[in-house]
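Take a look at the structure set out below.
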Amino acid sequence: MKRYGVLIPLLLSCAALLALVSCVGDGSTLDPLGNPLGPPQIAITPENLSLEVDSGQVANLNLEIKNTGGFPLEVQRIESQADWIQIGEVNLPLTLESSDSVLVPVTVGKPDLSVSTHSSAIRVVSNAEGTPT
-18 MKRYGVLIPL LLSCAALLAL VSCVGDGSTL DPLGNPLGPP QIAITPENLS LEVDSGQVAN
42 LNLEIKNTGG FPLEVQRIES QADWIQIGEV NLPLTLESSD SVLVPVTVGK PDLSVSTHSS
102 AIRVVSNAEG TPT
């Protein structure tokens, strides 16, 4: 019991500083309910996209980038791997707190794109493990 009596005021102090660090000496970071937080994780929706665009036309869509981890996700760059995929305006770098998301406008196609099946990728560079995605 003595340990909890000391831990609670320290957690409140840490919360006031927005650090939310458990002060028991193990270096764990906790959410306001005392659950351990994990590293930033990125989820992108849709993960894969298949669409048909008429010759000379473009399709507009949004990608959702979400932080599904515990620590802030820092997105440094969003890059198209092809000239027929345009990334809309997004203020980068950006920071997404846990459970926050952002919509990224994307335009697919261009007037002189040949009629064929095309494949490419969008690269998202962030501080999440395993990125770029």
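So the sequence shown is numbered by the working numbering: it starts at -18 and just counts up by one. All residues carry an ideal CB built from backbone N, CA and C; glycine is no exception.
Residue i versus residue j: straight-line alpha-carbon distance, rounded
{"i": "Val83", "j": "Val34", "result": "25 Å"}
{"i": "Val89", "j": "Leu18", "result": "37 Å"}
{"i": "Ile68", "j": "Ser80", "result": "23 Å"}
{"i": "Gly50", "j": "Ile23", "result": "7 Å"}
{"i": "Leu77", "j": "Pro13", "result": "18 Å"}
{"i": "Ser97", "j": "Glu60", "result": "23 Å"}
{"i": "His99", "j": "Val39", "result": "13 Å"}
{"i": "Asp7", "j": "Gln62", "result": "In this predicted model, Asp7 has a pLDDT of only 39, less than 50, meaning its place in the structure is not dependable; the value taken from the coordinates is given anyway. If you take the alpha carbons of Asp7 and Gln62, they lie about 43 Å apart."}
{"i": "Gly111", "j": "Ser95", "result": "34 Å"}
{"i": "Ile116", "j": "Ile25", "result": "The shown model of the chain, from -18 to 114, leaves out residue 116, and the question about it has no answer."}
With 16 other Cβ atoms within 10 Å as the buried cut-off, status of residue i
{"i": "Ser107", "result": "buried"}
{"i": "Ala109", "result": "buried"}
{"i": "Leu32", "result": "exposed"}
CB of residue i within 7 Å of CB of residue j, strictly
{"i": "Asn48", "j": "Pro27", "result": "no"}
{"i": "Val125", "j": "Leu30", "result": "No information on residue 125 is available, as it lies outside the stretch -18 to 114 that the chain covers here."}
{"i": "Pro92", "j": "Gly37", "result": "yes"}
Contacting residues, own chain, Cβ-Cβ under 6 Å from residue i (five flanking each side not counted)
{"i": "Leu42", "result": "Val87"}
Close Cβ partners of residue i (< 7 Å) along its chain, the five nearest in sequence each way excluded
{"i": "Gln57", "result": "Leu73, Pro74, Val106 and Ser107"}
{"i": "Ile66", "result": "Val87, Val89, Ser101 and Ile103"}
{"i": "Ser55", "result": "A small correction: the amino acid at residue 55 is Glu; Ser does not occupy that position in the sequence shown. Excluding residues within five positions, the ones whose Cβ falls inside 7 Å are Pro74, Thr76, Ser107 and Asn108."}
Close Cβ partners of residue i (< 8 Å) along its chain, the five nearest in sequence each way excluded
{"i": "Phe52", "result": "Thr10, Leu18, Gly19, Pro20, Pro21 and Ser79"}
{"i": "Glu70", "result": "Pro86"}
{"i": "Asp64", "result": "Lys91"}
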